[in-house]
Each structure stands twice: as C-alpha cells, then as structure tokens.
Amino acid sequence: MNDYELRYEILALTLGVKDNDKIFTVSEDLKKSYLILFSTYQKMIEQDTTAFFVDKEQKEKIIASLKNTLDFYEATNRESIKQLLEKLENNHPTSFFMLPLDYLINDSLDAIHTSGIIVYKRDEAYTLMMIDKNRFDPVNYITIAKDDLDSLSHYLFHSNKVHPFDKDLYGELNEFVFLSKEKKLSPLNIKMNKQFISNCLFSEIEATLKTALFNCKINLFEHHPSQTTISPKWGSIFSFHSTLEIRKRFLTALKTNNTEFNKTLDYLFETYYLNRKNYAKKIKWKRDEKFINRLSNKNDPLSKLKYFILKPFFQIEGQSKWIHYKIANAKKFRADPKTKIDFTSIQQKLEKSTRTDQIENLTFLHSRYSFTNER
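For the sequence shown, position 79 (counting from the first letter as 1) is numbered 856 according to this note's numbering, and the numbering increases by one without interruption.
This is the structure:
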C-alpha cells in the first residue's frame, strides 16, 4: 500500500469503524504504518499549544520520548536498543519509549494479538509496563535488573523482526517475564474499555500512549490496590469528551499536503465516526437491552403504557430521544465487516457525491462538535 492508503487504514482502525483486513504482522506495510503512527503522535504533541496532553514544562521531554520510540522502531542492531535503554532518565515518567508487541495467543492461524509496552528506568532497573485492553487486568508491569541489559536489548530488538508464527506462544512476552525479578506480571489498579473489533494493531498502541501521558499526571505505579480503580484518560482528569477531542487532533496531525486526500480522511471521520458518536453507541447491554425489549412489547398493556410514559424522557448521549429510535439504531453503530469503507470505496463515494451537499453536511457537523476540553 502507498502512504495515502496506509494513513487511511490507520485512521479507520484507530476510530474503530472497521476490522483490520489489510495490514499484516511483520510486513513492510506494518513497519511503515507504525512509523507514520508514531510520527503522527509526535506531531500531535508538537501542535498542542494549550497543554491538553501534558504540562508545558513536560512537552519537550514527551516529544523526545516519542523520538526514542521512532529510533527504537528504526533500529538495525541490538546495540542501538541498548543505547536507547541506557539514555533513559531514572524515575522520570516523561522519559520512556513505546513498542508494539505481536504474539500468538493460541495455535490458530488468526490468533495473533498486539499489546503495547512502555519501557521506563525506575530505581536503576528497567520497568516494562504492558497494556492489553483484552486482559482482566489491562495494565501490568515487570522489573528487569540492569545486569540483564544485554538480554533485554536482544529480546526487544527481535520483538518486531521475527513473525509470531516462528515463535512459541506469547513470544517475547514469555522471555520478558522469565528475565524479570517478579517472574510474573504484576497488575496495576487500572481499568480500560475492552477491544470489540480487530483493530489491536493501533488501538492498543493508542491506549499505550494514553497511559504513558496519564502516568505523567498520576503515578500509576503508586496507585494502591485499596484505592478506587482508575481509568487513564486524555487531557485533564476533569476533561469531558476528551476521546472525541483526541481523535480530532489525531485527524489533523495525520493529514498531508494533498487536499483531495485530506477530504477522504474528513469523509471517513465525519460520516462513520461522528455519526456513530451521535447515536446510542454506549448501551449497557446486560441491563438496557432487556429493559428496552420489555418496554417495546406492544402486546403487553402495562409495557405499552410504560413505553408511552417514558419515551419522551429517555436520554441518549445527553439528548432526549424516543425509545423506539434507540431500539432501531442501537446495534447499527457497531462495526459491520460487510460495510465497504475501504480507501477505494470512499474515494468512489466522494467522486459520485455532490461536493456542495457534502460541504454543507461537514460544516454542520463541525459546528456541532467544535468544542475543546481545556480549562
């Protein structure tokens, strides 16, 4: 795939509007995709003039850490990785580098999963914080002694050079745990929303960046299990709609100098992501689905009465909507693998649509969502 197609896939998978069916593990496309992704994260932080992501005094160090991440991914030998590890600052949450870790979770051909890792230096040892939204404990860590620097460098270097099918189950994850002092993953008191579609290549790395930035505000290693479980979030801990804000900033940073291509990214964002955000995406299925089905039973007189009494007051995303509207649209906004939202299909839709109607629609949506979260 060319640069434009890769940027499109990165945005679609990051927004969670499609499954991954084009970018494969340990491929040239994946390597180029991660270089684009980390460069976009760096650009996103550089463009931040309101201290949305981190405090202004931390900004340059975060940018340096993202450069470390790019250096890691472009490293051509183990010695380069060792130098990256050695130059990490001790006990500084802003000094780190990130990496994706691909591994087999069972013997099936489609059982490759991606987790994110943040590498720190703490108390003169190396700490690997591991992020996997699909685990019961989504954030864990291990500590590797400085004496094992050579072995750590070796496994880090080979983590994205060898296909998971050529390794044992869990690949380097097992090697890291074997090297560690704990000999097991140590969970942190953190919760995250689970991944529902096949987009772990980028969604887990986005969660990794969010965790790294949040750790600059609150020391996650010192958040005791007896305290309330916390969820890392973008921006201030008091920010609202921060996920939408980060996605808008990511879209801006991902764009190129090609105006026509940027329209394709805008179309994907506005048509598939913002429209979904405007409907009932966040249904508590175990409780709400049963409740809605019961209320919508027109054969039961009592349910019918409750339905007409409650429907004007039922809240969806902060807006009063009819219950039958929620029933009709609730399942619509989960990613549908049959929906043609690949790069070529979107370009064809743009060519067929009248630009006047499209611009009017985008202007309306931009005015509706043109808020920021900074205080």
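Glycine is no exception: its CB is placed at the ideal position from the N, C-alpha and C atoms.
**OP:** Please name the residue in 845, 964, 971 and 847 whose C-alpha comes closest to that of residue 1001.
**Re:** Ranking 845, 964, 971 and 847 by Cα distance to residue 1001 puts 964 first.
Original post:
Just to confirm, are residue 821 and residue 1024 a CB contact at a threshold of 8 Å?
Top reply: For residue 821 and residue 1024, no; Cβs fall outside 8 Å.
Original post:
Is the segment 858-870 touching the segment 964-981, taking contact as three or more C-beta pairs under 8 Å?
Top reply: With a cut-off of 8 Å, the segment 964-981 and the segment 858-870 do not count as touching, because too few Cβ pairs lie within range.
**OP:** Using three-state DSSP, classify residue 1030 as helix, strand or coil.
**Re:** For residue 1030, the three-state secondary structure derived from DSSP is helix.
Subject >> Paired residues, beta bridge with residue 898 - DSSP >> reply: Answer is 867 and 903, bridged to residue 898.
Original post:
Opposite residue 967 in the DSSP bridges: which residues?
Top reply: For residue 967, which the question treats as bridged, DSSP gives the partners 1007.
Subject >> DSSP beta-bridge partners of residue 892 >> reply: Residue pairing by DSSP places residue 892 opposite 878 in a beta bridge.
Original post:
In terms of residues, what are the limits of the beta strand (DSSP E) holding residue 917?
Top reply: Going by DSSP, residue 917 is part of the beta strand (DSSP E) stretching over 916-921.
Original post:
Grouping DSSP H, G and I as helix and E and B as strand, with all else coil, what is residue 908?
Top reply: In this structure, residue 908 counts as strand in the three-state DSSP scheme.
Original post:
From 978, 837, 881 and 970, pick the residue whose C-alpha is nearest to that of residue 943; which is it?
Top reply: Nearest of 978, 837, 881 and 970 to residue 943, Cα basis: 881.
**OP:** Please report how far the alpha carbon of residue 1184 lies from the alpha carbon of residue 892, in whole angstroms.
**Re:** No answer is possible for residue 1184: the residues shown for the chain start at 778 and end at 1152.
Original post:
Mapping DSSP to helix, strand and coil, what is residue 824?
Top reply: In this structure, residue 824 counts as coil in the three-state DSSP scheme.
Original post:
By Cβ distance, which residues of its chain are closer than 7 Å to residue 801, with the 5 residues on each side in sequence left out?
Top reply: These residues qualify, in order along the chain: 807.
Original post:
Sorted by chain position, which residues of the same chain lie with C-beta nearer than 7 Å to residue 814's C-beta, five sequence neighbours on each side aside?
Top reply: Residues 787, 979 and 982 of the same chain have their beta carbon placed closer than 7 Å to that of residue 814, with the five preceding and five following residues left out of the count.
Subject >> Element boundaries [alpha helix (DSSP H), containing residue 795] >> reply: Boundaries for residue 795: no alpha helix (DSSP H) harbours it, and the DSSP string shows neither H nor E there.
**OP:** For residue 787, name the three-state secondary structure that DSSP assigns.
**Re:** Residue 787 falls in the helix class under three-state DSSP.
Original post:
With DSSP run on the structure shown, which of helix, strand or coil describes residue 935?
Top reply: The three-state reading of DSSP puts residue 935 in helix, counting H, G and I together.
**OP:** Thinking residue 785 and residue 1120 are a contact (beta carbons under 8 Å), I'd like their distance in whole angstroms, please.
**Re:** Right, the Cβ-Cβ distance comes to about 4 Å (below 8 Å), so this counts as a contact.
**OP:** With DSSP collapsed to three states, give me the class of residue 834.
**Re:** In the structure shown, residue 834 sits in a helix (DSSP, three-state: H, G or I).
Original post:
I think residue 1031 touches residue 1042, with their Cβ atoms under 8 Å apart; what is that distance to the nearest whole Å?
Top reply: Between residue 1031 and residue 1042 the beta-carbon gap is near 7 Å, inside 8 Å, which marks them as a contact.
Original post:
The alpha helix (DSSP H) with residue 1041 in it runs from where to where?
Top reply: From DSSP, the alpha helix (DSSP H) with residue 1041 extends over 1036-1044.
Original post:
Quick one, which of 889, 1018, 1028 and 988 has its alpha-carbon nearest residue 1009's?
Top reply: Closest in C-alpha terms to residue 1009, from the list 889, 1018, 1028 and 988, comes 988.
**OP:** State the CB to CB distance for the pair residue 928 and residue 855, rounded to an integer number of angstroms; the pair is presumed to be in contact (CB under 8 Å).
**Re:** Taking the Cβ atoms as the reference, residue 928 lies roughly 10 Å from residue 855, outside the contact range of under 8 Å.
Original post:
Do three or more CB pairs link the segment 897-916 to the segment 844-855 at distances below 8 Å?
Top reply: Here the segment 897-916 does not lie against the segment 844-855, with fewer than 3 beta-carbon pairs under 8 Å apart.
Subject >> Secondary structure of residue 1012, DSSP reduced to three states >> reply: Reduced to three states, the DSSP call for residue 1012 is coil.
Original post:
In the structure shown, what three-state DSSP assignment does residue 988 receive?
Top reply: Helix, per DSSP.
**OP:** Measure the C-alpha to C-alpha separation of residue 1124 and residue 1033 and round it to an integer number of angstroms.
**Re:** The straight-line gap separating the alpha-carbon atoms of residue 1124 and residue 1033 is approximately 16 Å.
Original post:
For residue 955, which of 1052, 937, 1040 and 922 has the nearest alpha-carbon?
Top reply: Looking at the Cα atoms, 922 is the closest of the given residues.
Subject >> Limits of the unbroken alpha helix (DSSP H) element including residue 955 >> reply: Residues 948-956.
Subject >> Inter-residue spacing [alpha-carbon to alpha-carbon] between residue 1018 and residue 925 >> reply: Near 43 Å, if we compare the C-alpha coordinates of residue 925 and residue 1018.
Original post:
Roughly how many angstroms lie between the CA atoms of residue 793 and residue 957, to the nearest whole one?
Top reply: Spanning the two alpha carbons is a distance of roughly 34 Å.
Original post:
Grouping DSSP H, G and I as helix and E and B as strand, with all else coil, what is residue 961?
Top reply: In the three-state DSSP reduction, residue 961 falls in the coil class, being neither helix nor strand.
Original post:
Taking DSSP as the reference, what is the three-state secondary structure of residue 993?
Top reply: Reduced to three states, the DSSP call for residue 993 is coil.
Subject >> Pair within 8 Å by beta-carbon distance, residue 919 and residue 962 >> reply: Judged by beta-carbon spacing, residue 962 lies within the 8 Å limit of residue 919, meaning their Cβ atoms are closer than that value.
Original post:
Does the beta-carbon of residue 1035 have 16 or more other beta-carbons within 10 angstroms, so that it is buried, or is it exposed?
Top reply: An exposed status is given to residue 1035, since fewer than 16 other beta-carbon atoms sit within 10 Å of its beta-carbon.
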